[in-house]
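Start counting the sequence shown at 1; every next residue gets the next number (full-length UniProt numbering).
Worksheet: the structure to be examined is printed underneath.
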Amino acid sequence: MKLETYTSGTGDRTVLLVHGSMSSHKTWHAVEAELVRRDYRVVSVDMRGHGASPRGDYSVAALGDDLADSLPTGADVAVGHSMGGVALSLAVERLCPARAVYVDPAFRQPGMWADAGERMRRLFAVADTDHVRERNPRWSDADVESEVRGFASFDPEFFDFVAAEVAGNDFLPAKPVVPSLVLRGGNSVTVTPQDARELEERGFTVRVVEDAGHCVHRDDLPGFLAALEGWL
1 MKLETYTSGT GDRTVLLVHG SMSSHKTWHA VEAELVRRDY RVVSVDMRGH
51 GASPRGDYSV AALGDDLADS LPTGADVAVG HSMGGVALSL AVERLCPARA
101 VYVDPAFRQP GMWADAGERM RRLFAVADTD HVRERNPRWS DADVESEVRG
151 FASFDPEFFD FVAAEVAGND FLPAKPVVPS LVLRGGNSVT VTPQDARELE
201 ERGFTVRVVE DAGHCVHRDD LPGFLAALEG WL
């Protein structure tokens with residue numbers, strides 16, 4: 001599947017950005033602006049079932065295939081958040097970036113209730129700007145707005161797929177294909193301290209943004225950028 005991609009900046013160095021579930025490329029707006037300011041070319045993407053990209057035929061393998069078919073190869077850095085991190089790990093060998101960054105990746109996402117899809121649909125029904133801001137008081141207005149728009153352009157069937165085929169399963173890579181950083185929030189729900197130790201044993205570099213949750217780049221943008229020191 002060819003995904004919708006977006007390019008900004010004209011620098012000689014390239015960064016790929018892959019968002020997580022229930023979001024879109026717009027989640028990276030502040031990161032993108034900073035990278036363009038640093039003279040990078042930024043290529044972001046809407047994953048299958050998100051934003052302006054096509055819907056349907058969800059599978060774990062397809063997420064990696066989509067990135068390999070849609071994004072340029074040989075980037076300086078590829079960054080994936082949450083489910084985007086899982087997708088990136090499946091495509092990284094084909095994309096051949098010089099370095100990879102996995103932001104609170106969902107390699108070992110906890111199992112979900114049987115009615116998780118229906119619960120999420122109920123959340124979408126009330127997820128207006130005030131609701132999102134209440135749940136994420138540290139986010140900027142632009143972050144809140146991008147979250148609401150991400151919900152509106154998200155196919156709920158993707159969440160059914162995540163609940164059935166991703167949650168409770170193990171996608172922790174055996175080893176890094178390229179030099180790889182795992183960047184977890186101090187309050188992460190997807191990367192436990194035990195997972196972090198195991199990733200380090202497998203050859204990944206692990207850093208923590210202590211005062212951040214799952215959406216590290218929106219919870220603490222300065223901390224997120226500081227943790228990328230040496231990887232950009």
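Even for Gly, the Cβ is constructed at its ideal location relative to N, Cα and C.
{"Check": "Use the C-beta contact count for Asp170: other C-beta atoms within 10 angstroms, 16 or more gives buried, fewer gives exposed.", "Outcome": "exposed"}
{"Check": "Helix, strand or coil: which one does DSSP assign to Gly9?", "Outcome": "coil"}
{"Check": "Which value, in whole angstroms, describes the spacing of the CA atoms of Tyr40 and Cys215?", "Outcome": "22 Å"}
{"Check": "The beta strand (DSSP E) spanning His29 covers which residue range?", "Outcome": "Not the beta strand (DSSP E): His29 falls in the alpha helix (DSSP H), residues 29-37."}
{"Check": "Where DSSP assigns a beta bridge to His81, which residues make up the other side?", "Outcome": "Val103"}
{"Check": "With distances taken Cα to Cα, identify the nearest neighbour of Met1 among Val43, Ala33, Gly64.", "Outcome": "Gly64"}
{"Check": "What residue from Val126, Val86, Arg121 has the CA that sits closest to Gln109's CA?", "Outcome": "Val86"}
{"Check": "Checking the sheet assignment: what are the DSSP bridge partners for Arg207?", "Outcome": "Leu183"}
{"Check": "Val18 bridges to which residues according to DSSP?", "Outcome": "Val45, Gly80"}
{"Check": "Only counting runs of 3 or more residues, tell me where the beta strand (DSSP E) segments fall wholly within the stretch 118-194, in order along the chain.", "Outcome": "180-185"}
{"Check": "For the alpha helix (DSSP H) that contains Leu221, what are its first and last residues?", "Outcome": "221-227"}
{"Check": "Just to confirm, is the Cβ distance from Ser44 to Ser153 under 8 Å?", "Outcome": "no"}
{"Check": "Does the separation of the CB atoms of Pro97 and Val31 fall below 8 Å?", "Outcome": "no"}
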